[in-house]
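At position 26 of the sequence shown the residue is numbered 16 (the numbering used here), and the sequence of numbers has no breaks.
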Amino acid sequence: MNNRMNRREVLVRAWQAGAALVAGAGVWTTWDLLRPAKNSGLGGLIRTVPPEAVGDTGAVEVLAARAFLVRIDGEIVALSETCTHLGCRVPFCESSNRFECPCHGSVFNRAGELISGPSPRGLDRHPVEVGEDGLLYIDTESKTPGVAPGTFTIDEPSTGPSCATESDH
Ligand code: FES
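See below:
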């Protein structure tokens, strides 16, 4: 009888140990899948295009960095495409030469400075550097908050109709 109980206890303990092992493996696998990866994808250094690909007009979208590269007075700047109001993705409108947020209508000039709308500041900026391979790298781990409303470093007029207006009609 005592021997039988011991065998039962051993089996229960073995089953419990097996269940704990399976649960632990599940937790580890989940953590391994979900933890942020260093230097890959968003949150790291994103390899982009050669500096020559960023012209004096327009904006070059870098999807992997969720950012745009623009050349302002000869300097290349990386603007976050996350709206500083409530976080919508802000596309660049070629016809108006503006970044236009489709959610609540914030409008930014090509330097990411707030022209109108409910955003509390301009678009945030990421550092950009030229790598040893000659390509531009955007550091998405670091950013500088966009400038306060009313701050303008460029004076580029709108070049045409707003994309938001066009799509509304
Ligand atoms: S999220 Fe862009 S204006 Fe509201």
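Just so you know, even glycine gets a beta-carbon here, dropped at the ideal spot from N, CA and C. Because the structure is a prediction, the values reported are computed rather than measured.
Between the beta-carbon of ALA154 and that of GLY95 there is about 7 Å, and that keeps the pair under the 8 Å contact cut.
VAL67 sits buried, since 16 or more C-beta atoms from the chains shown fall within 10 Å of its C-beta.
The set of residues with any CB-heavy atom separation to ligand 1 below 7 Å comprises, in chain order, CYS73, HIS75, LEU76, GLY77, CYS78, VAL80, CYS91, CYS93, HIS94, GLY95, SER96, GLY107, PRO108 and SER109. Between the alpha carbons of VAL44 and CYS93 lies a distance of about 27 Å. Judged by DSSP in its simplified three-state form, LEU104 adopts strand. Bounds of the beta strand (DSSP E) holding ARG88 are 88 to 90. The shortest CA-to-CA distance from ARG79 to any of ARG111, ARG56 and ARG100 is the one to ARG56. Of all C-beta pairs linking the region 69 to 87 to the region 96 to 110, three or more are shorter than 8 Å, placing the two stretches in contact. Residue burial annotation: ILE36 is buried, with at least 16 other C-beta atoms found within 10 angstroms of its C-beta.
Taking C-beta atoms under 8 Å as the contact rule, THR74 and PRO110 qualify, at a distance of about 6 Å.
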